[in-house]
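Structure, as structure tokens:
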Amino acid sequence: MIFMQLLGEVTGGAAGPVLKWAGGKRQMLRQFSPLFPKQLPAVYHEPFLGSGAVFFCLKPGASYLTDSSEELINFYMVLKSSVEDLILDLDKHVHTKAYYYRIRSEDPRTLTSVERASRFLYLNKCGYNGLWRVNRAGRNNVPYGSYKNPNYRNFAALRKAGMALHSAVLQRDDFEITLEQALPEDFIYCDPPYHPLSETASFRSYTAGSFTLSDQQRLAGMFHELDKRGCLVMASNSDTPFIRKIYAGYNITTVRGRRAINCRGTGRSPVNELVIRNYGRPVESRI
Ligand SMILES: C[S@@+](CC[C@H](N)C(=O)[O-])C[C@H]1O[C@@H](n2cnc3c(N)ncnc32)[C@H](O)[C@@H]1O
319 MIFMQLLGEV
329 TGGAAGPVLK
339 WAGGKRQMLR
349 QFSPLFPKQL
359 PAVYHEPFLG
369 SGAVFFCLKP
379 GASYLTDSSE
389 ELINFYMVLK
399 SSVEDLILDL
409 DKHVHTKAYY
419 YRIRSEDPRT
429 LTSVERASRF
439 LYLNKCGYNG
449 LWRVNRAGRN
459 NVPYGSYKNP
469 NYRNFAALRK
479 AGMALHSAVL
489 QRDDFEITLE
499 QALPEDFIYC
509 DPPYHPLSET
519 ASFRSYTAGS
529 FTLSDQQRLA
539 GMFHELDKRG
549 CLVMASNSDT
559 PFIRKIYAGY
569 NITTVRGRRA
579 INCRGTGRSP
589 VNELVIRNYG
599 RPVESRI
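What the sequence shown shows, in this note's numbering, is residues 319 to 605, in sequence order.
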């Protein structure tokens with residue numbers, strides 16, 4: 319069932335991610351497919367939504383989708399409720415360096431939600447490496463990307479993604495707050511900013527704050543709490559002694575990932591990542 323959905327994603331027939339996002343899981347779906355619950359529970363939660371690669375792959379019935387990025391959640395809210403207005407607004411953008419920097423310098427809080435979503439998509443597609451990254455003040459600081467044909471006018475993909483969001487509840491919040499709503503038997507997939515492999519290797523600036531060691535511990539505590547509550551929980555993270563320690567006792571599977579994008583846009587060599595689950599066979603898989 320999940321494999322068929324995955325096939326739909328790969329062949330382009332179904333809704334899929336419309337954003338490029340650091341740490342996006344699109345490339346990981348084939349490895350994840352056997353790790354999802356065999357029978358997908360009725361309610362799904364994804365508290366670190368990003369590009370929503372897993373959400374679009376699973377196509378759950380009811381879902382709670384959360385991220386701490388205000389611009390990201392506004393974008394999905396507009397995609398869900400006003401996709402045609404968004405498409406109209408996208409028409410005004412032009413693909414030049416000067417225009418990019420002018421739009422980037424705008425304060426999103428002075429815009430309507432549709433204009434804000436349109437600006438967000440334009441910057442995501444035209445910025446260097448297709449990234450969304452903000453400084454401590456929460457302002458986008460990604461340089462111009464110089465792409466020939468940045469794809470911010472893929473209207474069919476936007477419409478399909480908007481439809482897929484119809485039964486989703488979207489929230490801008492911290493993961494801990496939104497996960498309070500999870501009930502026994504719900505399925506939760508957690509994909510936080512990864513614990514860095516080294517002090518200099520991290521890319522964690524999706525939002526103005528960074529994801530600290532104590533946030534990782536808070537998440538592991540939440541994982542434990544959800545386990546006790548009777549939820550099915552799956553989480554991704556980097557393969558470090560710290561992550562193995564805070565999730566000790568759960569099913570840990572090693573998968574092959576790609577290193578996070580660094581400031582030079584390089585550093586994408588393969589690297590092991592962990593998938594931690596509180597269900598399924600207790601095996602340490604070999605890759
Ligand atoms: C690794 S990315 C998720 C990628 C996503 N799975 C995908 O396929 O694109 C991590 C996400 O967590 C969000 N985030 C960071 N801190 C958060 C927090 N405290 N609560 C909720 N979301 C947070 C970031 O904005 C980012 O979108």
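C-beta: ideal position from N, C-alpha, C; glycine also. Every value quoted in this text rests on a predicted model; they were computed, and no experiment measured them.
Please specify which runs of the beta strand (DSSP E), each continuous and at least 3 residues long, are wholly inside the region 529-588, giving them in chain order.
-> 550-556 and 569-576
Pick from 355, 398 and 549 that is closest to residue 481, judged by C-alpha positions | Selected option, being the one with the closest Cα: 398.
Is residue 557 near ligand 1, going by C-beta to nearest heavy atom under 7 angstroms?
-> no
When burial is assigned at 16 or more other CB atoms within 10 Å of the CB, is residue 479 buried or exposed?
-> buried
How is the beta strand (DSSP E) around residue 457 delimited, first residue to last?
-> No beta strand (DSSP E) holds residue 457; DSSP gives it neither H nor E.
Helix or strand or just coil, what does DSSP make of residue 499?
-> In the three-state reduction of the DSSP assignment, residue 499 falls in the coil class, being assigned neither a helical nor a strand state.
Is residue 560 near ligand 1, with its Cβ less than 7 angstroms from a heavy atom?
-> no
Reduced DSSP secondary structure (H/G/I, E/B, other) of residue 366 | coil
Whether residue 500 touches residue 549 by CB criterion (8 angstroms) | Judged by beta-carbon spacing, residue 549 lies within the 8 angstroms limit of residue 500, meaning their Cβ atoms are closer than that value.
Residue from 541, 575 and 503 with nearest C-alpha to residue 359 = 503
Those residues which DSSP pairs with residue 477 across a bridge | Looking at the DSSP assignment, residue 477 forms no beta bridge with any residue, so it has no partner.
Straight-line gap, residue 530 to residue 536 (C-alpha atoms, nearest Å) = Their Cα atoms are separated by approximately 10 angstroms.
Check whether residue 410 and residue 462 have beta carbons under 8 angstroms apart | no
CB-CB under 6 angstroms to residue 590, same chain, minus the five flanking residues each way: which ones, in chain order?
-> Hits under 6 angstroms: 557 and 572.
Beta carbon of residue 505, beta carbon of residue 355: below 8 angstroms?
-> yes
Buried versus exposed, by CB contacts within 10 Å (16 or more), residue 443 | Its Cβ being crowded by 16 or more others within 10 Å, residue 443 is buried.
Beta-carbon separation (whole angstroms), residue 299 vs residue 561, contact threshold 8 angstroms | Nothing can be reported for residue 299, as the shown portion of the chain is limited to 319 through 605.
Can you list the beta strand (DSSP E) stretches of 3 or more residues lying completely in the region 339-384, in chain order?
-> Counting only runs that start and end inside the region 339-384, the beta strand (DSSP E) elements of at least 3 residues fall at 361-364.
Chain-order list of residues whose beta-carbon lies under 6 angstroms from that of residue 439 (same chain, five-residue window excluded) | 470
Excluding the 5 residues preceding and the 5 following residue 391 in the sequence, name in chain order all residues of the same chain whose CB lies nearer than 6 angstroms to its CB.
-> 385, 488 and 490
How would you write the range of the beta strand (DSSP E) that residue 488 sits in, first residue to last?
-> Here the beta strand (DSSP E) through residue 488 covers 486-490.
Can you tell me where the alpha helix (DSSP H) with residue 417 in it begins and where it stops?
-> 415-423
Return yes when the C-beta of residue 539 is under 7 angstroms from any heavy atom of ligand 1, and no when it is not.
-> no
Looking only at its own chain, which residues have a Cβ that is under 6 angstroms from the Cβ of residue 396, when we skip the five neighbours before and after it?
-> 404, 431, 432 and 435
Give the range of the beta strand (DSSP E) segment to which residue 507 is assigned.
-> 505-508
Under the three-state DSSP convention, the category residue 408 falls into = Reduced to three states, the DSSP call for residue 408 is helix.
Assigned secondary structure, residue 447 (DSSP; H/G/I helix, E/B strand, else coil) | helix
With DSSP collapsed to three states, give me the class of residue 462.
-> strand
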